[in-house]
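Asks:
Chains as they are written, first to last, in the working numbering: chain A, 86 to 408; chain B, 38 to 350.
(1) Using a Cβ-Cβ cut-off of 6 angstroms (strictly less than) and excluding sequence neighbours within five positions of residue 208(A), which residues of its own chain qualify?
(2) Is residue 292(B) helix, strand or coil when you go by DSSP?
(3) Pick from 95(B), 206(B), 230(B) and 88(B): whose alpha carbon is nearest that of residue 63(B)?
(4) Using a threshold of 9 angstroms, state whether the C-beta atoms of residue 91(B) and residue 45(B) are closer than that.
(5) Are residue 278(A) and residue 266(A) close, meaning C-beta to C-beta below 9 angstroms?
(6) Report the three-state DSSP secondary structure of residue 47(B) (helix, strand or coil).
(7) Mind reading off the beta-carbon distance from residue 93(A) to residue 396(A)? Whole number of angstroms is fine, and I expect it under 8 angstroms.
(8) Taking only runs that begin and end inside the segment 308-362 of chain A, name each unbroken beta strand (DSSP E) of 3 or more residues, in chain order.
(9) With DSSP as the reference, identify every bridge partner of residue 116(A), one or two as the case may be.
(10) Using a Cβ-Cβ cut-off of 7 angstroms (strictly less than) and excluding sequence neighbours within five positions of residue 405(A), which residues of its own chain qualify?
(11) Please state whether DSSP places residue 215(B) in a helix, a strand or coil.
(12) By Cβ distance below 8 angstroms, which residues in the same chain neighbour residue 296(A) in space, the five residues on each side in sequence not counted?
(13) Excluding the 5 residues flanking residue 329(B) on each side, which residues of the same chain have their C-beta closer than 8 angstroms to its C-beta?
(14) Is the shortest distance between the beta-carbon of residue 151(B) and the beta-carbons of chain A less than 9 angstroms?
(15) Quick one: is residue 212(A) buried, meaning 16 or more other Cβ sit within 10 Å of its Cβ, or exposed?
(16) Considering only residues of the same chain and omitting the five flanking positions on each side of residue 118(B), which have a CB-CB separation below 7 angstroms?
(17) Could you compute how far the alpha carbon of residue 216(B) sits from the alpha carbon of residue 124(B)?
(18) Using 8 angstroms for Cβ pairs, my map puts residue 263(B) next to residue 288(B). What's the rounded Cβ distance?
(19) Alpha carbon to alpha carbon, what distance is there between residue 265(B) and residue 58(B)?
(20) Would residue 336(B) pass as a contact of residue 60(B) if the rule is Cβ separation under 9 angstroms?
(21) List, in chain order, every chain B residue whose beta-carbon is nearer than 7 angstroms to that of residue 217(A).
(22) Taking Cβ positions only, does residue 88(A) come closer than 9 angstroms to chain B?
(23) Which residues of chain A have a Cβ atom closer than 7 angstroms to the Cβ of residue 306(B), listed in chain order?
(24) Just to confirm, are residue 195(A) and residue 376(A) a CB contact at a threshold of 9 angstroms?
(25) Which residues, in chain order, does the segment 60-89 of chain B contribute to contact with chain A at a C-beta distance below 8 angstroms?
(26) Return the first residue and the last residue of the alpha helix (DSSP H) that residue 279(B) is part of.
(27) Short check: CB of residue 201(A) to CB of residue 256(A), under 9 angstroms?
(28) Can you check which of these residues, 315(B), 296(B), 83(B) and 68(B), is closest to residue 229(A) by C-alpha distance?
(29) With a threshold of 9 angstroms between beta-carbons, can residue 206(A) be considered close to chain B, or not?
(30) Apart from the five residues just before and just after residue 280(B), which ones in its own chain have a Cβ nearer than 7 angstroms to its Cβ?
(31) Going by DSSP in three states, residue 111(B) sits in which element: helix, strand or coil?
(32) Chain A partners of residue 205(B), CB-CB under 8 angstroms?
(33) Taking all protein chains shown into account, do 16 or more other C-beta atoms lie within 10 angstroms of the C-beta of residue 353(A), making it buried, or fewer, making it exposed?
(34) If we call anything under 9 angstroms between Cβ atoms a contact, is residue 110(A) one with residue 138(A)?
(35) May I have the straight-line CA-CA distance separating residue 214(A) from residue 222(A), to the nearest angstrom?
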């Protein structure tokens, strides 16, 4: 009895500019590509074309709602090219028996590099100093203001996963003292554990946010935490914008309650609070911590490996726990 | 000691000025309109000079100050001091090693990240409102890139230690091979540039190292390579660098120092693949205070007949 030798159907949804996965997926699977700029909506496209699709690869942050899932009756695996899965209705996936994989470690180097880059940039005022030179102010007004030393700072990492531990490893080489807060203590970790973020903030000069966005971590950095961090304290966010109470953070920065911030993510991207634009102790980046060609290759490879494993009943490479 | 004349060559630290004033007769060279008259007037009371990376003690000044006993530099670099002349006249020289090593190394890594990951560009992009119109371009990964360091002294070693934490293979060029070091040695700067993605200048400025990064080195570094300078401006042939950058023959440059500070070639202002800083290598409150304490400590030691803290000559 001949089995179907047709490659399985895989859906790929991506912005028109991010085509890095098109080729490797179409080589292995019957790939249906929808792009975020197309005029036909997914709920209208899916029932007509995707009813047999068992796998859905999402590039970007398409909200995956229960309603959307209802149009994909054969769906068994959701392959995300992000690490964060806060855009997905996890309960709905669990109910429907859909497994989810994410980017695993594909981005960890780049995000960790970005976090360290933002920290040095804030403390040493790099973008502000660069602006100073380009405006001709060094010749006109003399020396630039002094910054603050990076080496030896006490750094508290919120979320000691892959990204958090890569940040720790880098900052250790600067002689920084590393501690962390996490849902639970990691027995194998050499760093000091604080069971709540308030004590982490009280005992550190810098907070680096590397945790996932969940109901528990929503606005985990609030006014109280920022007051605890103090007027020389710096917050670095490479997680999700909603980890921080952004309105309060803006006030804390403008009022000098905290000393500075390096932010790659915001609550309502691409909108960024304009009060931040005039501040020299803030460094802003447009959610690009993962945006290097190397990272994109990595995530494409992980997505492909997860799909192949899935379709041959082997263990997934980067499954996400749904509890 | 209040009668001892200490000549400070230019503004460098108000903390240092205060500390010197408490102990000596501080003379501020930059406030006098007629410098030769000033030197003539004070030539018999000036027994110490405090200089920095910008202005030190050249042969002319040394000749004008017959009572000069010590030059205490607010820097680790000695290129603004005529060391030969000092040795000849028995004038002591001190600098500020170690206390600024970490700041300079931190800045070197900061410059690499800012350049490769376009952090200054990104910051401008967001502040100008352009993010609303579309995502920023892809940038270049730092982790894993090969780093070639010119000069493996205190600062070069500190840079290597940090870059290793980013999984970067480390190469170096030095006057001699360092036997206990696990990094790959290259016998010429051109070889080093050929084999490195990121070239960092971290050696002292001497007659031998002037323009150590010349056109040949830049060509070897190539369109995918980037240059980082936390040493001294004259390490690089600046005119050649401007050409190489504007013509796209090297991938980018991040510079904290320039040949004629505070002047920076304006052709660089419009380029996205450069980061330009106003000589802030040791520019933190913590470090400048530590440097000042060393300068004061060295002068106090000298004038009370004790051993110098950080002598060079």
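Backbone N, C-alpha and C fix where the C-beta goes; we use that ideal spot for every residue, glycine too. As the structure is a computational prediction, the values presented were derived from the model and not from experiment.
Replies: Here's the rundown:
(1) 232, 233 and 235
(2) strand
(3) 88(B)
(4) no
(5) At the C-beta level, residue 278(A) and residue 266(A) come within 9 angstroms of one another.
(6) DSSP places residue 47(B) in coil when its eight states are reduced to three.
(7) 6 angstroms
(8) 319-322 and 345-348
(9) Beta-bridge analysis with DSSP links residue 116(A) to 95(A).
(10) 170, 185, 186 and 187
(11) coil
(12) Residues of the same chain with a CB within less than 8 angstroms of the CB of residue 296(A), apart from the 5 flanking positions on each side, are 243, 244, 246, 249, 267, 302, 305, 324 and 328 in chain order.
(13) 50, 52, 53, 56 and 111
(14) yes
(15) buried
(16) Result list for residue 118(B): 88, 93, 94, 108, 110 and 130, in chain order.
(17) Near 31 angstroms, if we compare the C-alpha coordinates of residue 124(B) and residue 216(B).
(18) 5 angstroms
(19) 38 angstroms
(20) yes
(21) Within chain B, the residues near residue 217(A) are 315.
(22) Bear in mind that the predicted position of residue 88(A) carries a pLDDT of just 47, short of 50, making it unreliable; the figure below should be weighed with that in mind. No, its Cβ sits nowhere closer than 9 angstroms to a Cβ of chain B.
(23) 219
(24) yes
(25) none
(26) 275-283
(27) yes
(28) 315(B)
(29) yes
(30) none
(31) Note: residue 111(B) maps to coil in three-state DSSP.
(32) Those within 8 angstroms of residue 205(B) in chain A number zero; the least Cβ separation is about 11 angstroms.
(33) exposed
(34) no
(35) 10 angstroms
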